[in-house]
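Data first, discussion second: the structure below is written as structure tokens.
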């Protein structure tokens, strides 16, 4: 991989706690190429959102950061406030989960869209307005001129998220971080946002770092994915391969815990145990206490090793997981349905 | 068991006018059966749940539970037989009293003729997989998933024969979701209670419901055995909902995008509500379709016969690409 847009090497982030610093992110390596959509999957508390905050220099006071983050050839760690300002918005921009609190309720969309364009790109009022209209068209907001004068509450959740994306794109960033941008939305609206992000990637050569706990969303959008657990990368590789033939027991467990959607009926399998609390991860493999394949060797932290080109795995046991999760789409044709299942009452409501 | 007969619920709001939240719904749930109700936000799912549980009085139509009408009684005491209809709410943070111990809250629901109340509390906690000492603790000492299990224990305290679960796992993490859903399904099977499971997550409903009803703007547009609905959805809206579920496969594929947005319920399109977003719509759709049997499902679509089914979800027919033009209704 040459000319990486983003290259994170051995990133460690510790937040101050009552009993000293608590390491939340513990040695993460992550790369994003220009125009690539990269996914980060993990449960809450796995450090995926903190990674995003680190990339924007938005860490809480007292946080200790170690390692290296190179963005477009520039080192970001050790940036002062002024240097961060030149990265945020025009280099790396972010879309948050909750668009209703990410937008200011008392300012019009126009004000929020043009504000930093005028400051960063130094556009005059008219040029900024013109670009704002183009952006709204690009994210497919109907009647952009009217939308500029409207307030966030006048839009639906999906529309607000589109506006948030337009704002993030205003200063032509090279990397967009999307932190669970569709979690609060209906599936139909989510489908629209995913299609939009993919379109923007193609049209603008925009790289996207997509953070989500929904593996289905990752599978449909991200070219490569990283699976996070307790602030470490468990497994990474091309999304389609990682999610259909996972190498790590944690990825496999995550897949089994989700409703499989079409073609699969069976009980949801919860992962045994509870996610490790931040900073209290055990020595060795953090997933070991919950893992079905745990061995003595797991007491030593497994290194992230390459198993095949483009695939990395942090598991020394590396059990054969073939067949432990069935994602194949079963035959759903009518022939499979028994007669009993088909006998719907002629009036499912009125019957007593 | 639980039956809703032509239930309507109208809200009147000064800014939006008349909102038909529930617009003539027929739905029944039998003992030991899980009925899923899916739809996007704003389609009237939660309004329907409240009417079904007797928390809101319907504008017209009737809800009956074991043959007796369910009435919204506000603060007055309910007849004992109606307490066997229980509800689990979406937000386990709001539905438990933060200032009372779990035991005291669980005891509330236990029928008066049960002699060993502490014994019953322990039994309930065990049933939902919580440690016995949970009774002496307060809600804030538990995680979201645990709280939802406690909320389920409280619903079970009254020995229900019917549970209405309104988005019970939406607020939870994926792994906690799996736990709570498995628990609910296990209870339905073991105790032979009926359950109306309301969710916006079609994949989840597919996993657990015997029968699924799809709701759009206050009306049920399709109702069928779940496998049938997922395999051969007849209504264009059901097809679009299923097509929008992201799939995991080796070949990367974006979910199918449905045209437009859900219209304001106060300003619903005439005729078939789905008409402006439907690629099959013709003039006949200007009159509202009624639910009728089509190939083993109940479908409210004039064109259902012509467009029924795709057994391969990848070939969902609604291929229109994103083009979010709102209906110019204002």
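Chains as they are written, first to last, in my numbering: chain A, 146 to 497; chain B, 149 to 478.
Here a beta-carbon is modelled for each residue, glycine too, at the ideal position from N, C-alpha and C.
Could you tell me if residue 392 of chain A is buried or exposed, where buried requires 16 or more neighbouring beta carbons within 10 angstroms of its beta carbon?
-> Start at 1 with the first residue of the first chain, and residue 392 of chain A comes out as number 247. Buried: at least 16 other Cβ atoms inside 10 Å.
Length of the line joining the Cα atoms of residue 155 of chain B and residue 219 of chain B | What you label residue 155 of chain B is simply residue 7 of the second chain in a count that begins at 1. What you label residue 219 of chain B is simply residue 71 of the second chain in a count that begins at 1. Rounded to whole angstroms, residue 155 of chain B to residue 219 of chain B spans 13 angstroms at the Cα level.
Taking residue 435 of chain A and residue 418 of chain A to be in contact with their CB atoms under 8 angstroms, please state how far apart those CB atoms are, rounded to whole angstroms.
-> Counting from 1 along the first chain, the entry for residue 435 of chain A is found at position 290. Counting from 1 along the first chain, the entry for residue 418 of chain A is found at position 273. Sure, about 4 angstroms apart at Cβ, within 8 angstroms.
Would you decide whether residue 466 of chain B is buried or exposed? Buried here means 16 or more other CB atoms lie within 10 Å of its CB.
-> Within the second chain, residue 466 of chain B is the residue found at index 318, counting from 1. The pLDDT assigned to residue 466 of chain B is 38, lower than 50, so where the model puts this residue is not dependable; a value taken from the coordinates is nonetheless given after this. Result: buried.
Would you mind listing the alpha helix (DSSP H) stretches within the region 216-276 of chain A that are 4+ residues and don't spill past its ends, in chain order?
-> 226-232, 244-247, 254-265
Would you mind sorting residue 406 of chain A into buried or exposed? The rule is 16 or more other CB atoms within 10 Å of its CB.
-> In the first chain, the residue the question calls residue 406 of chain A occupies position 261. Below a pLDDT of 50, predicted positions are generally treated as unreliable, and residue 406 of chain A, at 47, falls in that range; no measurement from the model is reported.
Please list the residues of the region 389-401 of chain B that have a C-beta atom closer than 9 angstroms to any C-beta atom in chain A, keeping them in chain order.
-> Against chain A - using a Cβ distance shorter than 9 angstroms - the residues of the region 389-401 of chain B are 389, 390, 391, 392, 393, 394, 395, 396, 397, 398, 399, 400, 401.
Same chain, Cβ closer than 7 angstroms to residue 159 of chain B, five either side skipped, listed in chain order | Here residue 159 of chain B corresponds to residue number 11 of the second chain, with the count starting at 1. Correct list, in chain order: 167, 169.
Which listed residue (B:162, B:177, B:172) has its alpha carbon closest to that of residue 346 of chain B = Taking the second chain and counting its residues from 1, one reaches residue 346 of chain B at position 198. Closest by alpha carbon: B:177.
For the region 204-215 of chain A against the region 150-160 of chain A, are there 3 or more C-beta pairs whose distance is under 8 angstroms?
-> yes
Which value, in whole angstroms, describes the spacing of the CA atoms of residue 249 of chain A and residue 257 of chain A?
-> The residue labelled residue 249 of chain A in the question sits at position 104 within the first chain. The residue labelled residue 257 of chain A in the question sits at position 112 within the first chain. About 8 angstroms.
Quick one: give me the first and last residue of the beta strand (DSSP E) that residue 384 of chain B is part of.
-> For the purposes of this step, residue 384 of chain B is identified with residue 236 of the second chain, where counting begins at 1. Careful: residue 384 of chain B lies outside any beta strand (DSSP E), inside the alpha helix (DSSP H) at 384-391.
If you draw a straight line from the C-alpha of residue 324 of chain A to the C-alpha of residue 355 of chain A, how long is it?
-> For the purposes of this step, residue 324 of chain A is taken as residue 179 along the first chain, with counting starting at 1. For the purposes of this step, residue 355 of chain A is taken as residue 210 along the first chain, with counting starting at 1. Rounded to whole angstroms, residue 324 of chain A to residue 355 of chain A spans 6 angstroms at the Cα level.
With 8 angstroms as the C-beta to C-beta threshold (strictly closer), list the residues of the region 186-220 of chain A near chain B in chain order.
-> 188, 189
With 16 as the cutoff for other CB atoms within 10 Å, does residue 242 of chain A come out buried or exposed?
-> As a first step, residue 242 of chain A must be located in the first chain, where it is residue number 97. It is buried - the Cβ of residue 242 of chain A has at least 16 other Cβ atoms within 10 Å.
Taking only runs of the beta strand (DSSP E) that begin and end inside the region 337-376 of chain A, which ones reach a length of at least 3 residues, in chain order?
-> 352-357, 369-374
Select from the region 184-196 of chain B all residues with a C-beta closer than 7 angstroms to any C-beta belonging to chain A, and list them in chain order.
-> From the region 184-196 of chain B, only 188, 189 have a Cβ closer than 7 angstroms to chain A.
Below 8 angstroms, can you find three or more Cβ-Cβ pairs linking the region 249-268 of chain B to the region 297-309 of chain B?
-> By the Cβ test, the region 249-268 of chain B is in contact with the region 297-309 of chain B, since at least three Cβ pairs between them sit closer than 8 angstroms.
Closer than 8 angstroms to chain A by CB, residue 164 of chain B | Along the second chain, one-based indexing puts residue 164 of chain B at 16. No, because no Cβ of chain A sits closer than 8 angstroms to the Cβ of residue 164 of chain B.
Sorted by chain position, which residues of the same chain lie with C-beta nearer than 7 angstroms to residue 273 of chain A's C-beta, five sequence neighbours on each side aside?
-> As a first step, residue 273 of chain A must be located in the first chain, where it is residue number 128. Correct list, in chain order: 259, 262, 263.
Count the C-beta pairs between the region 367-383 of chain B and the region 433-451 of chain B that are closer than 8 angstroms, then say yes if the count reaches three, no if not.
-> yes
Whole alpha helix (DSSP H) elements within the region 296-323 of chain A, 4-residue minimum = 302-314
Where does residue 328 of chain A sit, in a helix, a strand or coil, going by DSSP?
-> Position 183 of the first chain, counted from the first residue, corresponds to residue 328 of chain A. The three-state reading of DSSP puts residue 328 of chain A in coil, since its state is none of H, G, I, E or B.
Environment of residue 421 of chain B [buried if 16+ CB atoms lie within 10 Å] = Start at 1 with the first residue of the second chain, and residue 421 of chain B comes out as number 273. With 16 or more other Cβ atoms within 10 Å, it is buried.
Separation of residue 249 of chain B from residue 279 of chain A, as counted between CA atoms | Along the first chain, read from residue 1 onward, the residue named residue 279 of chain A stands at position 134. Along the second chain, read from residue 1 onward, the residue named residue 249 of chain B stands at position 101. Rounded to whole angstroms, residue 279 of chain A to residue 249 of chain B spans 56 angstroms at the Cα level.
Compare the C-beta of residue 354 of chain B against all C-beta atoms of chain A and say whether one is closer than 8 angstroms.
-> The residue given as residue 354 of chain B occupies position 206 in the second chain. Yes - at least one Cβ of chain A is within 8 angstroms of the one on residue 354 of chain B.
Could you check what DSSP says for residue 197 of chain B in three-state terms: helix, strand or coil?
-> For the purposes of this step, residue 197 of chain B is taken as residue 49 along the second chain, with counting starting at 1. Of the three classes helix, strand and coil, the one that applies to residue 197 of chain B here is helix, per DSSP.
Residues of chain B with a CB under 7 angstroms from the CB of residue 303 of chain A: which are they?
-> Residue numbering aside, residue 303 of chain A sits at position 158 when the first chain is read from its first letter. Result: 409.
Run the CB neighbour count on residue 195 of chain B, radius 10 Å, all protein chains shown included, and call it buried at 16 or more, exposed below.
-> In the second chain, counting from the first residue as 1, residue 195 of chain B sits at position 47. Classification of residue 195 of chain B: buried, given that the 10 Å Cβ count is 16 or more.
Please list, in chain order, all residues of the same chain as residue 282 of chain A whose beta carbon is under 6 angstroms from its beta carbon, the five residues on each side excluded.
-> Your numbering for residue 282 of chain A matches position 137 in the first chain. The answer, listed in chain order, is 289.
Cross-strand partners of residue 213 of chain B (DSSP beta bridge) = In the second chain, counting from the first residue as 1, residue 213 of chain B sits at position 65. According to DSSP, which records beta bridges pairwise, residue 213 of chain B is partnered with B:150, B:216.
Is the Cβ of residue 249 of chain B closer than 8 angstroms to any Cβ of chain A?
-> In the second chain, the residue the question calls residue 249 of chain B occupies position 101. Judged by the 8 angstroms Cβ criterion, residue 249 of chain B is not in contact with chain A.
Neighbour flag for residue 292 of chain A against chain B, beta carbons, 8 angstroms | The count along the first chain starts at 1 and reaches residue 292 of chain A at position 147. So no, residue 292 of chain A is outside the interface.
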